[in-house]
Amino acid sequence: MPHDRSDSTAKTFAGDSISNLYGMILDNIDRAVIAFDSDGRITLFNPAAEALMECSSRQIVGKSYQDLFKNQETLLYLVKVALKEGRSITDDEGLFLHRSNASPLPVNAYTAPIFAQGGNQNGAVMIIRDLSRIKELEGTLRRADRLSMLGTLAAGLAHEIKNPLGGIKGAAQLLSMELSKGSPLQDYTQIMIKEVERINFIIEELMDLGSPREPEVGDVDLARVFNDIVLLQREAARSRNIQFKLKLDPSIPPVQGDEGLLTRLFLNLIKNAGESISREGVVVIETRIASNYHMTGPGRRSSPMVDIIISDTGCGIDQQEMDRIFTPYFTTKSKGSGLGLAISQKIIEDHNGLLKIESTPHQGTTVTISLPLRR
Ligand SMILES: Nc1ncnc2c1ncn2[C@@H]1O[C@H](COP(=O)(O)OP(=O)(O)O)[C@@H](O)[C@H]1O
Ligand SMILES: [Mg+2]
60 MPHDRSDSTA KTFAGDSISN LYGMILDNID RAVIAFDSDG RITLFNPAAE ALMECSSRQI
120 VGKSYQDLFK NQETLLYLVK VALKEGRSIT DDEGLFLHRS NASPLPVNAY TAPIFAQGGN
180 QNGAVMIIRD LSRIKELEGT LRRADRLSML GTLAAGLAHE IKNPLGGIKG AAQLLSMELS
240 KGSPLQDYTQ IMIKEVERIN FIIEELMDLG SPREPEVGDV DLARVFNDIV LLQREAARSR
300 NIQFKLKLDP SIPPVQGDEG LLTRLFLNLI KNAGESISRE GVVVIETRIA SNYHMTGPGR
360 RSSPMVDIII SDTGCGIDQQ EMDRIFTPYF TTKSKGSGLG LAISQKIIED HNGLLKIEST
420 PHQGTTVTIS LPLRR
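End of the sequence shown = 434 in the working numbering, gap-free, step of one.
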């Protein structure tokens, strides 16, 4: 008798702790897990599902899967196969989750029947994974690939041009010294020198694209970087009515990176934001700790990230332009070099970061950069 009792206590205890463990796993896993009973009513909706679908478990549990995935043929089909045919099924290809309050999300989804202990089917479970970060990462890597080829080529060419250019500038300076101070020909030598300097500047920018320089890593105080940049940009935009707003999270620790390169990166992006506004508007620079850890590259360990969000109320970018803005020399500005984003892309890649651009023509653009806090 005593033996029996201790046995049953042990069993309940083990049972409890296992279901506790299951509960904790479901609460903490970053995949949406949704369970359905045999009638297709939702019986479980974990926190990741709430975040992904942007609705609470309380609103959803008890509703039918047909309501949850209204008009989303593929997702409906996946649940149906698991529920009615008792098969498990996966969809990895170009699947989007449509949500009522938010933009569509690239996902993959897996459904499986649930079998009770006796072997009878007891509903189904669905697991959905958010692929948006992975898609961004793929985009970053694809752009980086294209760039590194072009960059190497361009840097080689730039190097070849720089030497004869130095000769031209030297000769123009000698000529200027030979001419008398008041000579009308002095104007020409000044133009020659100024234009050579301009070519030189463009070339130096170009060489940065293929630059083999390893970032010099140190602690970078993002708040200081942004304060300096904004000070300068306010000055540059004086003739227009542009507000630069900083919303910096003071709890963000210094980022590990190359201060010079990071300053350049943010200057490029903040300049673009300012330049997109023709008369009046707002540029907001916001920093915050990303809510979860992210992988920054294939085979790398995931790291906590800081998100830097630069948004403007400028002209925006249409879909056709969007495909080209990272291509070196693509510019829509009369005085643009078209190298800003290409260089920015390279700097982000060197810092194992990610970049995302969202834009609505005539409304504005939001650029989000995610940088790992630790290297
Ligand atoms: N914040 C922005 N708003 C609107 N368009 C932008 C923005 N950022 C970049 N662009 C577009 O991308 C193009 C390329 O940008 P970039 O590489 O910095 O070169 P540049 O600024 O010299 O034109 C710009 O000419 C512009 O059309
Ligand atoms: Mg630019």
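The C-beta atom is built at its ideal place from N, Cα and C for all residues, glycine as well.
For a test of the three-state rule: what should DSSP assign to residue i, helix, strand or coil?
i	result
His62	The pLDDT assigned to His62 is 46, lower than 50, so where the model puts this residue is not dependable, and the model offers no usable value.
Pro106	helix
Leu305	strand
Lys70	With a pLDDT of 45 at Lys70, under the threshold of 50, the modelled position of this residue cannot be trusted; read the value that follows with caution. Lys70 falls in the helix class under three-state DSSP.
Asp382	coil
Asn327	helix
Val255	helix
Asp377	coil
Ser78	helix
Ser235	helix
Ile369	strand
Asn222	helix
Return the first residue and the last residue of the beta strand (DSSP E) that residue i is part of.
i	result
Phe95	Ala91 to Phe95
Ala171	Leu164 to Phe174
Thr425	Gly423 to Pro431
Thr346	Glu339 to Ile348
Val314	Val314 to Gly316
Under the assumption that residue i contacts residue j (Cβ atoms under 8 Å), give the Cβ distance between them as a whole number of angstroms.
i	j	result
Gly423	Ser370	6 Å
Ile329	Thr346	Not confirmed; about 13 Å, so no contact.
Ser452	Leu164	The chain is shown from 60 up to 434; residue 452 falls before or after that span and cannot be answered.
Can you name the residues that DSSP bridges to residue i?
i	result
Asp150	Ala168
Asp98	Answer is none; Asp98 lacks a bridge partner.
Met364	Pro431
Phe155	Pro165
Gly198	DSSP lists no partner for Gly198.
Going by DSSP, what residue range makes up the alpha helix (DSSP H) through residue i?
i	result
Arg293	Leu281 to Ala295
Lys415	Lys415 -> not in any alpha helix (DSSP H); beta strand (DSSP E) instead, spanning Leu413 to Thr419.
Asp409	Gly399 to Asp409
Ala141	Glu132 to Glu144
Ile186	Run containing Ile186: none in the alpha helix (DSSP H); it sits in the beta strand (DSSP E), Gln180 to Asp189.
Arg117	Ser116 to Ile119
Asp126	Tyr124 to Leu127
So, residue i versus residue j, is the Cβ gap smaller than 8 Å?
i	j	result
Ala59	Leu265	With the chain running from 60 to 434 in the structure shown, residue 59 is simply not present.
Ile101	Lys129	no
Leu111	Ala94	no
Leu137	Ala168	yes
Leu432	Val365	yes
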